[in-house]
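All residue numbers for the sequence shown refer to the UniProt record's numbering, where the first residue is 1 and numbers rise by one. By construction, the Cβ of each residue, glycine as well, lies at the ideal position given by its N, Cα and C atoms. It should be emphasised that the depicted structure is a prediction, and the values quoted were computed from it without experimental measurement.
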Amino acid sequence: MWWWEKFIIRRSTLGLFHGKETFDTYAPYCRQPELVHDIHIDRSEHIQPADLQAKVAKVRQGPLKIVYAGRADAMKGPSDWISVLRHLHKAGVEFEATWLGDGPELPAMRAQAAEAGLEQKVRFAGFVNDRQATMAHLREAQLFLFCHKTPESPRCLIEALVSGTPIVGYEGAFSRDLVSEHKGGQLVPLNDVAALSEAVRDLARNRDALGLLINKAAKDGVPFDDESVFQHRSEMIRRYL
């Protein structure tokens with residue numbers, strides 16, 4: 001943290017910090033720190049009850065549907081992401097995986113996937129400009145696989161939860177906090193590709209457990225819409241300022 005960040009925060013009456021990772025970093029320097037979420041998700045973008053029911057009903061059918069939405073950047077762990085898929089392929093797990101997003105690591109990801117013989121199982125969609133199309137992909141997926149390497153508060157995890165898609169990936173303060181109430185995800189230690197591969201493999205082989213996890217993910221996503229989080233921030237400002 002830069003000295004001037006500490007300087008400003010120490011002199012602030014109220015600190016609104018997006019996500020648990022950010023909160024844990026800055027809270028010690030603030031007299032009144034508050035955990036908030038800076039998101040722009042309309043309530044209409046949440047998976048509807050009928051769609052959630054249909055999603056769970058179809059969970060036993062076909063290959064496991066895996067998705068990620070974000071930049072193909074080293075901090076997102078794209079190499080680990082492909083490595084997990086390679087382990088699944090070797091274990092005989094049937095799956096379809098899609099990476100939504102562009103970035104400097106995309107060529108290396110394509111090469112890694114080709115080397116592992118995953119060309120028919122992995123789709124690289126590149127940058128998707130249509131937000132509704134992205135949200136549709138998230139709702140259709142059965143599992144959001146992420147391998148984030150650095151402390152951050154990525155909104156894509158929240159977008160997955162409101163889509164009724166469990167988050168499965170490396171544990172951090174942010175991801176752990178998001179699913180703390182209903183356990184709508186499975187988290188493993190940072191950089192443990194083997195443990196992450198095993199977690200995904202087990203869900204692929206136990207679709208009843210995956211169906212339960214989908215329902216839990218949707219419950220963990222309920223609090224996250226723009227009106228609710230704006231109201232929460234407004235209440236904090238009225239209370240302390």
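- Its Cα nearest to that of E96, the residue A141 stands out among E227, A141, V229 and E171.
- The DSSP assignment places 173 to 178 and 193 to 205 as complete runs of the alpha helix (DSSP H) inside the segment 156 to 218, in order along the chain (cut-off: 4 residues).
- Contact between T165 and F146 does not hold, since their C-beta atoms are separated by about 11 angstroms, which reaches or exceeds 8 angstroms.
- The beta carbon of R233 lies closer than 7 angstroms to those of L16 and V36 in the same chain, with the five residues before and after it left out.
- Nearest to V200 by C-alpha distance, out of I167, P104 and S44, is I167.
- Relative to the Cα of D80, the nearest Cα in the group G126, V93, E105 and H137 belongs to E105.
- In this structure, C30 keeps its C-beta atom at 8 angstroms or more from the C-beta atom of I47.
- DSSP places P154 in the coil class of the three-state scheme, outside both helix and strand.
- The alpha-carbon separation between M109 and G221 amounts to approximately 30 angstroms.
- Nearest to D24 by C-alpha distance, out of T13, W4 and D177, is D177.
- The Cβ atoms of G70 and C156 lie closer than 8 angstroms to each other.
- Between the segment 133 to 140 and the segment 55 to 71, the count of Cβ pairs shorter than 8 angstroms is three or higher; the stretches touch.
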